[in-house]
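Novice: Just so you know, the working numbering puts 212 at position 181 of the sequence shown, and the rest follows in order with no gaps.
All residues carry an ideal CB built from backbone N, CA and C; glycine is no exception.
The structure under discussion is supplied below as structure tokens; questions concerning it will follow.
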Amino acid sequence: MVDAVTSEAKRKMEATLDAIAERLGGVRTGTANASLLTTLSVDAYGTQVKLQELATVSAPEPRLLIVSPFDRNILGTIQKAIQAANLGLNPQSDGNLLRVPIPALTEERRKEIVKGVRQIVEEGKVAVRNVRRDANDQLKKAQKDGTISEDDAKRGQDEIQRVTDKYVEELDAMGQAKESEVMAV
32 MVDAVTSEAK RKMEATLDAI AERLGGVRTG TANASLLTTL SVDAYGTQVK
82 LQELATVSAP EPRLLIVSPF DRNILGTIQK AIQAANLGLN PQSDGNLLRV
132 PIPALTEERR KEIVKGVRQI VEEGKVAVRN VRRDANDQLK KAQKDGTISE
182 DDAKRGQDEI QRVTDKYVEE LDAMGQAKES EVMAV
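In structure tokens form, the structure reads like this:
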């Protein structure tokens with residue numbers, strides 16, 4: 032019972048870590064990075080679709096992204112979605128593909144982005160702590176029902192706390208790395 036609760040908590044915390052990593056990948060830095068656009072939602076064919084399902088995104092130069100849609104008819108739609116994404120990008124179309132120059136970030140904009148990074152990391156920490164709380168509640172309920180002993184419940188809670196601390200540290204490290212990347216000129 033304790034191992035099942037612990038492994039389920041680990042699985043959920045790992046999923047949270049992956050989700051936060053994906054969100055941080057979409058945060059703009061001073062250099063071109065394909066993940067900046069791949070998770071962008073585009074209103075195509077009457078539904079919301081991720082850009083990576085509609086086009087390939089490449090970074091041939093440090094300050095340029097190239098978006099090559101699989102269907103040229105949605106080039107304008109993709110261009111509008113990139114402009115509406117509030118990333119400060121202005122894509123230029125040549126009829127077949129989009130060139131997205133990445134302008135240098137101002138100091139003020141960098142600080143705004145760092146604030147956003149910190150908020151994303153904090154949301155991840157809250158999610159990890161919620162998983163910890165749910166797991167501890169399951170252990171307490173099992174102890175109250177007599178399914179597990181008090182010692183097993185305490186051991187399980189200690190293990191869940193260790194796992195929580197590990198994932199919070201990983202989130203902090205991811206946030207610090209992204210902040211450094213954003214602040215690098």
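List the residues that DSSP assigns as beta-bridge partners of I97.
Specialist: Working through the sequence shown from its first residue, we reach residue 97 at position 66. In DSSP, I97 forms a bridge with S89, R130.
Novice: Any contact between the segment 132-141 and the segment 92-108? By contact I mean 3 or more CB pairs, one from each, below 8 Å.
Specialist: Result yes; three or more Cβ-Cβ pairs closer than 8 Å.
Novice: Would M214 pass as a contact of L55 if the rule is Cβ separation under 8 Å?
Specialist: Along the sequence shown, one-based indexing puts residue 214 at 183. Along the sequence shown, one-based indexing puts residue 55 at 24. Not in contact: M214 and L55 (Cβ atoms no closer than 8 Å).
Novice: Looking at I191: is its Cβ nearer than 8 Å to the Cβ of A40?
Specialist: If you number the sequence shown from 1, residue 191 lands on position 160. If you number the sequence shown from 1, residue 40 lands on position 9. For I191 and A40, yes; Cβs fall inside 8 Å.
Novice: Under a Cβ-count criterion, where at least 16 other Cβ atoms within 10 Å of its own Cβ denotes burial, should R193 be classed as buried or exposed?
Specialist: The residue labelled residue 193 in the question sits at position 162 within the sequence shown. Exposed, because fewer than 16 other Cβ atoms sit within 10 Å of the Cβ of R193.
Novice: Considering only heavy atoms of the ligand SAH, does any lie closer than 7 Å to the CB of K209?
Specialist: What this structure holds is no ligand at all, so the ligand SAH is not there to describe.
Novice: CA-CA distance, T108 and N121?
Specialist: In the sequence shown, residue 108 corresponds to position 77, counting from 1. In the sequence shown, residue 121 corresponds to position 90, counting from 1. Roughly 14 Å separates the two Cα atoms.
Novice: Classify K209: buried if its beta carbon has 16 or more other beta carbons within 10 angstroms, exposed otherwise.
Specialist: Stepping through the sequence shown from its first residue, residue 209 is reached at position 178. Buried, since its Cβ has 16 or more Cβ neighbours within 10 Å.
Novice: State the DSSP-derived secondary structure class of S180, mapped to helix, strand or coil.
Specialist: Taking the first residue of the sequence shown as position 1, residue 180 is located at position 149. DSSP places S180 in coil when its eight states are reduced to three.
Novice: Looking only at its chain, what residues have a beta carbon closer than 7 Å to the beta carbon of K15, apart from the 5 residues adjacent to it on each side?
Specialist: Absent from the structure is residue 15, since the part of the chain shown begins at 32 and ends at 216.
Novice: So, is T195 buried or exposed, given that buried needs 16 or more other C-beta atoms within 10 angstroms?
Specialist: Within the sequence shown, numbered from 1, the residue matching residue 195 stands at position 164. Classification of T195: buried, given that the 10 Å Cβ count is 16 or more.
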